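Here is the structure:
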């Protein structure tokens, strides 16, 4: 399959550029009978939407999704679900002075090398604008997983630059513009971001995602392990440079006795593994963490070259996020939900006649 | 596709358990005309092979690969290449006392939950034994990339538990049993491992992989980005819990001005991105890093449950690696080579008629 | 991949029902640099469009396609091309009396069995309305193949019920509402269809498709043979019940000496094979033929059951084609073009460095 | 995926040439818990095996399959099943005089054009020898379908050259070397084949395949219809030039009233559709028919060219089947079983929670 699809049985295929007429996707493989309307998807789209606080880009998009197919009388029919969002606030003029120069840290140069030319308006296909469709598609997966299995996929921002969340309260996550679970750090984050924005610079962030209420048995050996597919899905998000499952890089310095999660008749004692053993879900919480780089769209000038290879300076004047991580929480949730959903369908296909004679250790 | 395949145009599909008659794979999509013999693959197989130093498992496998098809008169024909290694030193008796209990940190429990029962001999399909076929298949990709494009894929161990390589010399990597590029740390690593083995414990490690001589333009937006596919491939290696591209998790605390790689007519000034921008290779070195957890096969007893859900204790008596990271370097190289190879073929398919009117900034 | 996609490197994924808001598709993998506008696709859409003669359904759809992405400054960018057609003339009321009964010969019963319920308006997803998107997507492939390689994909109706085309003139094909290459049969076909329509019955047809100017080497052993993928693509068209390559079923009674296409330095002497040997194109014309069943939407009553399993009678009152074959020519062309395009990209990926030291026997 | 794989959830990937060391395949996605041994597969391998009557090639292969993985304690584990058959009776010398000339009707020319050179020994990868692995893999699918669902896949030869089976008795099919269901025609077929063999010529054939005991609901709209995937699978068999589902090409001359299968509370009244409506199984028998061309390996000389493009004559001296259709019955059965199996798993994945409130009309 070409590169704009993800998933084998629950497949999302997307299209659209930052400044084209519309962005959209096709969700193929959703089980029939799920109650679904635009309203179900709008909540997460609004969480991701730009312009909701002073800490994100001031581009204003309604991001109203339209369901074009696959739903009849309020329920999914089992046929592909077409989704579309019209682009509205495009301001193509902002980008005219970068059409011939490659912004450092952006995909300008590589798209140009790959395709011979590029749609330079707002990054074209490489813009994070496409992530709106991930959120819409992921919303379908989230709803199915919740309704049918009670699986809940949630994320939060655990660090922004030097500031780490230290306390944890799921209820706080939706109460601040950062998706930060530690209310005591919000003021510090706001001050930090204000200063950064004033300086014209940007900063990285770390997002954590967790699926709770998981069922055991999802994931296929050898290459399509649940964690491997999750790494793929999360690393495919713009600006992500690292992915961890469970303890992640902490493992490097752990001993076997520290890391292995012992079991008792009441379940696992710990969850260093992050809910995956041998690439297959254990029923514990599925836990992943990602690193997002600082955006490269800065008001501070940088050296680069133009299409003729001559040295030039570049300054980004358009509207941009000083921390792309801030809006990434719903995107990461969507990707995790899509991966779980795909593996759920695959698992049911191959293994639905396994007699489950075993006690389920998680319950 | 079911889970035992990787790659879209250069596809590797594998089979085999730790203690079955043989392990093998099919490499489909290798271009015709590549000179290839078993000897080309044996070098990396020997690098991965158990029992070559006292720091790895004492299981002894000849790991002699047989090419069963796809090569005629010493050259690949373009048809699928069948590869097989017979298992020889199996000692199934070692595993009889764990057939009914789930070793903590292993895939015993999850395989059982997924499939209803499991091949308990040496981990069965979940054993790292299958990685031998990755190395064999990756050897074909490595040779093609090197011969046809001058791309070289190499790896090294950068950290084992608390001990980090600080100096760097590619020539040292093959001179010690750890693939460590810092000769001055080898003695320390040896002492550390001896002590650990004596204690019956295990430790994590970090491996870095680098492709040099890269060409620009490899990788497909949106989901099949080069870095996303690389994350998938590396996370699919047994025991891997984290993947970084370029600066990875360091990005969380970086500012945009630090991270973005500026360009001049002579090329990029830095490589924080690790050779990928917008999911497409830039021509710079492709750089990835992985975290491997400590193996959970320990001589130190751990709590677990048996298939009936009763609490039991487990001690692993079989032969195991106290640090699975030690043998992981050739595996990580193989996975990177497979991913680059697949994307190379995909890129050529879609883009071979792009006029390359641009100066190649990397040369 | 789920079932609404076709192609591996040139991938078409479609959505949409007969009476939903819109139908659409995503064409992923189109090479960059192809001049493309809506006008390029409209010609074939108009050839397929209903309501252009009295011999097809009187549903009137403008079938105006909108390109939503993937084209910038008049050229394809290499990124996915989103296409959409709004449904306009829907008349959902026509279908209310069949919502609970399964029309014989239609997909009503099987959709109901598969999904538990169905969108009964005009056949929903099973309606031939979705073929409009195949034609749009195929138009992109046709243009690329023509522009870049001089490959031309054309089709014609060779038989309708008992009436066969006996003379052959490509120039006649577009001169009559049947795509019939034999002008002398058109009056007979018109009279036959008028009578059939009056009787409320329907009839089958045979369509032939030919790609000329082919290049040799397209197709992958073993399962992804060019002819096998073509059979898949053509059999996926609504109402198709048979596919032949070259001589097709005539082979059953042929001897080897009759069938084998001998070669001379000037090329092949015959083309019984239909342009494919061992699943790979020979450079000769690629020739396929398909059988389309008579539509089952009849004004003549038929026995069936309702959702409760009770016997009922069904009469179709909606607007329908008395011979679905009449509009199938552009659809069959589109499917052949998509298959060739996909194999072209795959072939280039794997084999672009084959030295072509051989004289090309076809030129 | 590259071309040597078929199926999405039940995936068969094969390798091997006519005269290489071995042929083999990997069956990925088989559900766990199926009792399986080599003996289960050997019966169909023996039915396909050459040299069992004077009417097939005199090459003698034991065709003893070895299960290399995926089975533990006599049951499938859910992990990939590696299968291998060593080639034994190879006689490479027979082919030395065709190494530089392209046999008409064979894949010699097209492989050469595609790959730049070819393995000329016995057709290499293009030899029908690879079909042994299809039969072995299909045997697993057949067993699962039979054991778990009572679905039985059987085939027969319905025509050889001018001689058609007119009576039908499943019990006769295994009683003669042709798989002919009409005992009264066997003597005629034997005489016809003896004469043909004496003349050094070959002949085409028609094979029918039927799955009985089918369940409704298998097949995915739009492109992965059950019939489309079946057409793909059957057309991928060597020498197949045509595929029909149900009435096939008879549809061209049928009226809607003749073709549509009416329903009553007791089930369908007829089965013109061949068990598929809208690409989804109806629960009726799944019925397909294929045309096989006469083999092009003849003792009668034919014109061709050599690799230098010079005119030469070719005579095939090796051992060949005068009618490849004779051994094709188990191959066609295998392909149908693989397709049903794959769709069964896909269907279960997507639709397992459909409430089946409907009366099953087939029972």
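Protein chains in written order, with the working numbering: chain A, 1399 to 1761; chain E, 1399 to 1761; chain L, 1399 to 1761; chain W, 1399 to 1761. C-beta: ideal position from N, C-alpha, C; glycine also. Please read these numbers as outputs of a predicted model, since none were measured by experiment.
Next on the checklist: I'd like the ranges of any beta strand (DSSP E) spanning at least 3 consecutive residues and lying wholly in the stretch 1521-1562 of chain E.
Outcome noted: For the stretch 1521-1562 of chain E, the full-length beta strand (DSSP E) segments reaching 3 residues or more read 1550-1558 along the chain.
Checklist entry - In whole angstroms, what separates the C-alpha of residue 1533(E) from that of residue 1442(E)? => result As a first step, residue 1533(E) must be located in the second chain, where it is residue number 135. As a first step, residue 1442(E) must be located in the second chain, where it is residue number 44. If I take the Cα positions, the gap works out to 6 Å.
Checklist entry - On the three-state DSSP scale, how would you describe residue 1408(W)? => result For the purposes of this step, residue 1408(W) is identified with residue 10 of the fourth chain, where counting begins at 1. Correct three-state label for residue 1408(W): coil.
Next on the checklist: Contact criterion: CB-CB distance below 9 Å. Does residue 1662(L) meet it with respect to chain A?
Outcome noted: The count along the third chain starts at 1 and reaches residue 1662(L) at position 264. Contacts with chain A at 9 Å (Cβ-Cβ) do not include residue 1662(L).
Checklist entry - Got a sec, what are the start and stop residues for the alpha helix (DSSP H) residue 1750(L) sits in? => result In the third chain, counting from the first residue as 1, residue 1750(L) sits at position 352. Element bounds for residue 1750(L): n/a, residue is neither H nor E.
Next on the checklist: Strictly under 9 Å for the Cβ-Cβ distance: is residue 1704(L) near chain A by that measure?
Outcome noted: On the third chain, residue 1704(L) is found 306 positions in, with the first residue counted as 1. With 9 Å as the cut-off, residue 1704(L) does not count as an interface residue toward chain A.
Checklist entry - Of the residues 1746(W), 1501(W), 1643(W), which one's Cα is nearest the Cα of residue 1703(W)? => result As a first step, residue 1703(W) is located in the fourth chain; it is residue number 305 there, counting from the start. Relative to residue 1703(W), the option among 1746(W), 1501(W), 1643(W) whose CA is nearest is 1501(W).
Checklist entry - Hey, which unbroken runs of the beta strand (DSSP E) at 3 residues or more fall wholly within the stretch 1563-1630 of chain E? => result Segments of the beta strand (DSSP E) lying fully in the stretch 1563-1630 of chain E: 1603-1610.
Checklist entry - Thinking C-alpha only, which one of 1475(W), 1592(W), 1420(W), 1728(W) is nearest residue 1480(E)? => result Stepping through the second chain from its first residue, residue 1480(E) is reached at position 82. The candidate whose alpha carbon is nearest that of residue 1480(E) is 1420(W).
Checklist entry - First and last residue of the beta strand (DSSP E) that includes residue 1701(W)? => result Numbered from 1 along the fourth chain, position 303 holds the residue referred to as residue 1701(W). Run containing residue 1701(W): 1700-1703, per the beta strand (DSSP E) assignment.
Checklist entry - Could one say the Cβ of residue 1684(L) lies closer than 9 Å to chain E's Cβ atoms, at least one of them? => result One-based indexing of the third chain puts residue 1684(L) at position 286. Answer no: the Cβ-Cβ gap between residue 1684(L) and chain E never drops below 9 Å.
Checklist entry - Helix, strand or coil: how does DSSP classify residue 1743(A) here? => result Position 345 of the first chain, counted from the first residue, corresponds to residue 1743(A). Looking at residue 1743(A) - three-state DSSP - the assignment turns out to be helix.
Checklist entry - Given residue 1586(E), which residues of its chain have a CB within under 8 Å of its CB, disregarding the five upstream and five downstream residues? => result Indexing the second chain from 1 puts residue 1586(E) at position 188. The beta carbon of residue 1586(E) sits closer than 8 Å to those of 1561, all from its chain and outside the five residues before and after it, given in chain order.
Item to check | Opening and closing residue of the alpha helix (DSSP H) in which residue 1437(E) lies | outcome: On the second chain, position 39 is the one that residue 1437(E) refers to. Element bounds for residue 1437(E): 1436-1446.
Item to check | Buried versus exposed, by CB contacts within 10 Å (16 or more), residue 1426(W) | outcome: Working through the fourth chain from its first residue, we reach residue 1426(W) at position 28. So residue 1426(W) ends up on the buried side.
Item to check | Residue-chain proximity (residue 1407(E), chain W), Cβ-Cβ < 9 Å | outcome: The residue given as residue 1407(E) occupies position 9 in the second chain. Yes - at least one Cβ of chain W is within 9 Å of the one on residue 1407(E).
Item to check | 6 Å CB neighbourhood of residue 1732(L) in its chain, flanking five on each side removed | outcome: As a working note, residue 1732(L) is residue 334 in the third chain. Cβ neighbours of residue 1732(L) beyond the five flanking positions: 1532, 1533, 1536.
Next on the checklist: I need the straight-line Cα distance from residue 1544(W) to residue 1680(L), nearest angstrom please.
Outcome noted: Looking up residue 1544(W) in the fourth chain gives position 146. Looking up residue 1680(L) in the third chain gives position 282. One alpha carbon belongs to residue 1544(W), the other to residue 1680(L), and they sit about 41 Å apart.
Next on the checklist: Using C-beta distances below 6 Å, list every residue in its chain close to residue 1506(L), excluding the 5 sequence neighbours before and after it, in chain order.
Outcome noted: On the third chain, position 108 is the one that residue 1506(L) refers to. Only 1500 meet the Cβ criterion.
Item to check | Cβ neighbours of residue 1671(A) in the same chain (closer than 6 Å, five flanking residues each side left out) | outcome: Taking the first chain and counting its residues from 1, one reaches residue 1671(A) at position 273. Counting only residues of its own chain and dropping the five nearest sequence neighbours on each side, residue 1671(A) has a CB closer than 6 Å to the CB of 1644, 1659.
Checklist entry - Which of the residues in the stretch 1452-1483 of chain A, read from start to end, lie with their CB under 9 Å from any CB of chain W? => result Flagged, chain order: 1476, 1477, 1478.
Checklist entry - Are residue 1494(L) and residue 1687(L) close, meaning C-beta to C-beta below 9 Å? => result Translated into positions along the third chain, residue 1494(L) becomes position 96. Translated into positions along the third chain, residue 1687(L) becomes position 289. Against a cut-off of 9 Å, the Cβ pair of residue 1687(L) and residue 1494(L) comes out as no contact.
Checklist entry - Counting contacts by CB-CB distance shorter than 9 Å, is residue 1656(W) in contact with chain L? => result Here residue 1656(W) refers to the residue found at position 258 when the fourth chain is read from its first residue. Yes, residue 1656(W) counts as interfacial toward chain L.
Next on the checklist: I'd like to confirm the pairing. Which residues does DSSP put opposite residue 1633(W) in its beta bridges?
Outcome noted: Counted from its first residue, the fourth chain places residue 1633(W) at position 235. When beta bridges are read from the DSSP output, residue 1633(W) appears opposite no residue.
Checklist entry - Is the closest heavy atom of the ligand FMN to the C-beta of residue 1697(E) under 8 Å? => result What this structure holds is no ligand at all, so the ligand FMN is not there to describe.
Checklist entry - Which partner residues does residue 1423(L) have in the DSSP bridge list? => result Here residue 1423(L) refers to the residue found at position 25 of the third chain. Residue 1423(L) pairs with 1412(L), 1481(L).
Checklist entry - Which of helix, strand or coil does DSSP assign to residue 1728(L)? => result As a working note, residue 1728(L) is residue 330 in the third chain. Of the three classes helix, strand and coil, the one that applies to residue 1728(L) here is helix, per DSSP.
Item to check | contact_flag[the stretch 1402-1416 of chain E, the stretch 1736-1750 of chain A] where n(CB pairs < 8 Å) is 3 or more | outcome: They do not touch, by the three-pair rule.
Next on the checklist: Beta-carbon within less than 6 Å of residue 1759(W)'s beta-carbon, same chain only, minus the 5 sequence neighbours each way: which residues are those?
Outcome noted: One-based indexing of the fourth chain puts residue 1759(W) at position 361. Any reading at residue 1759(W) is ruled out, since the residue's pLDDT is 32, under 50, leaving its predicted position unreliable.
Checklist entry - residue 1711(L) lies in the beta strand (DSSP E); which residues open and close that run? => result Taking the third chain and counting its residues from 1, one reaches residue 1711(L) at position 313. Counting along the chain, the beta strand (DSSP E) containing residue 1711(L) begins and ends at 1709-1712.
Checklist entry - So which residues of chain A does residue 1750(W) contact, with C-beta pairs closer than 7 Å? => result Position 352 of the fourth chain holds residue 1750(W). Those within 7 Å of residue 1750(W) in chain A are 1746, 1750.
Checklist entry - Of all the options 1623(W), 1436(W), 1639(W), which has the alpha carbon lying nearest to the alpha carbon of residue 1483(W)? => result As a working mapping, residue 1483(W) is identified with position 85 in the fourth chain. The residue with the shortest Cα to Cα distance from residue 1483(W) is 1436(W).
Item to check | Nearest to residue 1475(L) (by Cα), restricted to the options 1705(E), 1618(E), 1728(E) | outcome: Stepping through the third chain from its first residue, residue 1475(L) is reached at position 77. Proximity to residue 1475(L) across 1705(E), 1618(E), 1728(E) peaks at 1618(E), based on C-alpha coordinates.
Item to check | Beta-bridge pairing of residue 1473(L) - partner residues as DSSP gives them | outcome: For this step, residue 1473(L) is matched to residue 75 along the third chain. In the DSSP secondary-structure assignment, residue 1473(L) is bridged to 1433(L), 1470(L).
Checklist entry - Does the Cβ-Cβ distance between residue 1635(A) and residue 1729(A) come in under 9 Å? => result Stepping through the first chain from its first residue, residue 1635(A) is reached at position 237. Stepping through the first chain from its first residue, residue 1729(A) is reached at position 331. Contact flag set, yes.
Checklist entry - Quick one: is residue 1547(L) near chain W, going by C-beta distance under 9 Å? => result By one-based count along the third chain, residue 1547(L) stands at place 149. Contact of residue 1547(L) with chain W is not assigned, every C-beta pair being separated by 9 Å or more.
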